[in-house]
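Q: Sharing a structure, written as structure tokens. Questions coming.
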Amino acid sequence: MRTRDLPRAGGALIALGSLLPLAAAAELELRPYAEARAYYDSNVYSFSGRDEALARNGDDQLSDRIMRGLAGLQADYGFSRQSLALTAEGRRLIYDHFSKLDHNEHLLALAYKGRYGDEVSSRLYASQERRMASFADRDTTALTLERERLGGGELGFAPGDDWRVEVGARVRRLLSPLPDLPDFTLAENSATAGLRYVDGGPASFGLATEYLKGRFDGTPDQTRFDQYTAQLDARYEISGLTRMNGRLGYTRRNERNSARADVSTVTGSIGVQRNLSGVTSVDFNAFRNVESYLVGAQSVIDTGARLALNWQRSLVTVSTGVQWHRSDFQIETRREDRITQAFVHVNLAPRRWLDVQPFVDYRNRSSNIAAERYHGVVAGLGLRVQFGSDEIAR
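What follows is the structure, given as structure tokens:
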């Protein structure tokens, strides 16, 4: 599927929903929402310090106060064992000191899910988002708005009582201009297939494979790559108290460019969710993947882990944790970054339609390249209101 085909795919999903018969049990739920967030960012441009800020920005200030407002609509339409979901959202960000970064963003997403008997299930999705590109890896202080388009689908069917086959396809287009490459684009097309053994017990096992074909356009080297992944897949669940899922396998990425920076490595992931009590739960996730490093148009091996403790009681939810991330860039400089993060997020719900959300996030990136090091704190308060169809009717 080409980039210009993605709007057609989204239109096809809308047409699908309009052509389906309106069953008696069909339900339409509309949930408009709005959010206002005021926060302090101690290092807006991810500079290593004031000296770099002065040299690159002509201003040694690192921090700023930011206002972020958004308004959107979520719509869910259910009929029989199928559903359509739409999200449309607009955002506005205003900077107190770095006013040249003021900008608008938007998100539009559409998804279809369906089950046909107990044997077949399907999912189709399409989305487009316009957002500000991160300054963490960019040698510029100019505002850059990138646009990402996603589209794809998944199909699962059970040829027998104990086996399930899952196949899918995905298209991604990311237009993310760079200072000297205004047309820089990452394009990825992937296909997945998996076979799973399910006997109705708490555990299931399978094999998952993926083929990904990609290219970096708008660059002198015009890098192309093919990526192959095969992994063993295992899932385990006990009475809703403990859930585990994991994959372990191997990924090979062949690049067709002058550097020939091919990558071969063990990849996989593990996730564990455990309810410690009626109000407390813990989540642990770890991963190792081969990804695309946009700024260098090269490959990067990402390894990371996240541990979060969640506490929920009555009208209050608190989530706190730490996250660690290592990036090994497959380029001549052999750059290695390590990111450590800590966070505390609180959600207070004094009304069904109102959420009060104070938060604090800390991030520190160390690197074997001095210019890539930085640290910063983001802290603030958000207010979110959301209404359902019944509240709208009143």
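The working numbering applies: residue 6 is where the sequence shown begins, and numbers increase by one. Ideal Cβ placement from N, Cα and C applies to all residues, glycine included.
(1) Going by the DSSP bridge assignment, what does aspartate 226 pair with across the sheet?
(2) Between the alpha carbons of tyrosine 82 and alanine 39, how many angstroms are there, rounded?
(3) Please determine whether the Cβ atom of arginine 340 lies at a distance below 8 Å from any heavy atom of the ligand FMN.
(4) Got a sec? Which residues, its chain only, sit under 6 Å from arginine 220 by beta carbon, not counting five neighbours each side?
(5) Could you give the distance in angstroms between the alpha-carbon of histidine 108 and the alpha-carbon of alanine 138?
(6) Do you know whose CA, among Phe292, Arg252 and Gly245, lies nearest alanine 239's CA?
(7) Going by C-alpha to C-alpha distance, which of Arg154, Val170, Asp64 and Asp142 sits closest to proline 184?
(8) Are aspartate 366 and alanine 354 close, meaning C-beta to C-beta below 9 Å?
(9) Might you give, ordered along the chain, the residues of its own chain that have their beta carbon closer than 6 Å to the beta carbon of threonine 308, omitting 5 neighbours on each side?
(10) Helix, strand or coil for leucine 388? Go by DSSP, reduced to three states.
(11) Give me whichever residues DSSP pairs with lysine 118 in a beta bridge.
(12) Got a sec? Which residues, its chain only, sit under 7 Å from leucine 359 by beta carbon, not counting five neighbours each side?
(13) Would you call the region 332-347 in contact with the region 313-323, where contact means no fewer than 3 C-beta pairs closer than 8 Å?
(14) Identify every residue that forms a DSSP beta bridge with phenylalanine 103.
(15) Taking contact to mean at least 3 C-beta pairs separated by less than 8 Å, is the region 171-183 in contact with the region 84-93?
(16) List the endpoints of the continuous alpha helix (DSSP H) containing asparagine 62.
(17) Please state whether DSSP places glycine 393 in a helix, a strand or coil.
(18) Who does valine 176 pair with in a DSSP beta bridge?
(19) In whole angstroms, give me the CA-to-CA distance for valine 323 and tyrosine 44.
(20) What separation, rounded to the nearest whole angstrom, lies between the Cα atoms of phenylalanine 103 and alanine 196?
(21) Give the DSSP-derived three-state secondary structure of alanine 43 in the structure shown.
(22) In terms of residue numbering, what span does the beta strand (DSSP E) encompassing phenylalanine 364 cover?
A: On the basis of the supplied data:
(1) Bridge partners of aspartate 226: none, in fact.
(2) 21 Å
(3) With respect to small molecules bound, the structure shown includes none, and the ligand FMN cannot be examined in it.
(4) Ala192 and Arg229
(5) 12 Å
(6) Arg252
(7) Asp142
(8) no
(9) Arg293 and Arg331
(10) strand
(11) Ser88 and Arg128
(12) Val390
(13) no
(14) Beta-bridge pairing links phenylalanine 103 to no other residue.
(15) no
(16) 55-62
(17) coil
(18) Gly156 and Asn194
(19) 19 Å
(20) 43 Å
(21) strand
(22) 359-372
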